[in-house]
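To start, the structure itself, in structure tokens.
Residue numbers (this note's numbering), protein chains in the order written: chain A, 1 to 110; chain B, 111 to 228.
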């Protein structure tokens, strides 16, 4: 099992939209609809923002949205705000009761 | 409001066993799956393994030979043991809840830093 692949960094200006990709394989993202996304600010615990590819937990802004295409999941953040600057991590169920995480993407709001 | 709190030694020597406990307050440990996840400095998150309140568990294949997890429902706690630690095991360790059993972690502890150094 290898970690899911994410870009190391993305950036955007306030008000713009950005998309973060998360690439896996046919053994994880490609098979299971169990991809989640987490937002992590420095020194704090990760926060669940997307689950099952497209669903948002109660209280999470609708500026966060998720999608899937083949073996790749994507997180889109629209209407960028300064507080969106954080690290974002994807995870996927990988079968046999195991989970994989991505390496994380640093989002910079310019 | 359910909260998770990790506890355990923050400094270990190489070859020792890392032992951490996660205390669940404000709710029951029953009905959920509980995971340990770590993050080494400058690196991504790594799932270590999970344990169910009934005692069923599974671990990351890369760590399976060194990991043991247990649950104490009477104390509303679950624990992680990681044997034969090295500097590579230095990380912030988080406990997390999966209340849906759909492999999403909807509640996390604040994390505890464990340093392995001679």
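Using N, Cα and C, we set each Cβ at its ideal position, and we do this for glycine too.
First and last residue of the beta strand (DSSP E) that includes residue i?
i                      : result
residue 185 of chain B : Taken as a continuous stretch (DSSP letters only), residue 185 of chain B belongs to no beta strand (DSSP E), as it is neither H nor E.
residue 123 of chain B : First-last for residue 123 of chain B: undefined, no H or E at that position.
residue 149 of chain B : 143–149
residue 106 of chain A : 105–109
residue 161 of chain B : 155–162
residue 168 of chain B : 167–169
residue 208 of chain B : 201–208
residue 133 of chain B : 128–135
residue 225 of chain B : 222–226
residue 17 of chain A  : Unbroken run through residue 17 of chain A: none, as it is neither H nor E.
Output, in chain order, the set of chain A residues within a Cβ distance shorter than 7 Å of residue i.
i                      : result
residue 216 of chain B : 48 and 57
residue 154 of chain B : 3, 89, 101, 102, 103 and 104
residue 170 of chain B : 98
At 7 Å on the CB atoms, spell out the chain B contacts of residue i, in chain order.
i                      : result
residue 112 of chain A : Absent from the model: residue 112 of chain A. The displayed extent of chain A is 1 to 110, so no value can be given.
residue 99 of chain A  : 157 and 213
For residue i, which three-state DSSP category applies?
i                      : result
residue 216 of chain B : coil
Using a Cβ cut-off of 8 Å, pull out every chain B residue sitting near residue i, in sequence order please.
i                     : result
residue 36 of chain A : 213, 214 and 215
residue 52 of chain A : 212 and 214
Rounded C-beta distance between residue i and residue j? I'm assuming under 8 Å.
i                      : j                      : result
residue 68 of chain A  : residue 35 of chain A  : 7 Å
residue 116 of chain B : residue 130 of chain B : 6 Å
residue 105 of chain A : residue 10 of chain A  : 6 Å
residue 112 of chain B : residue 186 of chain B : 10 Å between Cβ atoms; not a contact.
residue 53 of chain A  : residue 73 of chain A  : 6 Å
residue 159 of chain B : residue 179 of chain B : 6 Å
residue 217 of chain B : residue 206 of chain B : 7 Å
residue 201 of chain B : residue 224 of chain B : 6 Å
residue 84 of chain A  : residue 48 of chain A  : Between residue 48 of chain A and residue 84 of chain A the Cβ distance is about 15 Å, and since that is not below 8 Å, they are no contact.
**Request:** Identify every run of the beta strand (DSSP E) within the segment 23–102 of chain A, keeping only runs that are complete inside it and at least 3 residues long; order them along the chain.
**Result:** Assignment of beta strand (DSSP E) within the segment 23–102 of chain A, counting only whole runs of 3 or more residues, yields 35–40, 47–50, 64–69, 72–77, 86–93 and 99–101 in chain order.
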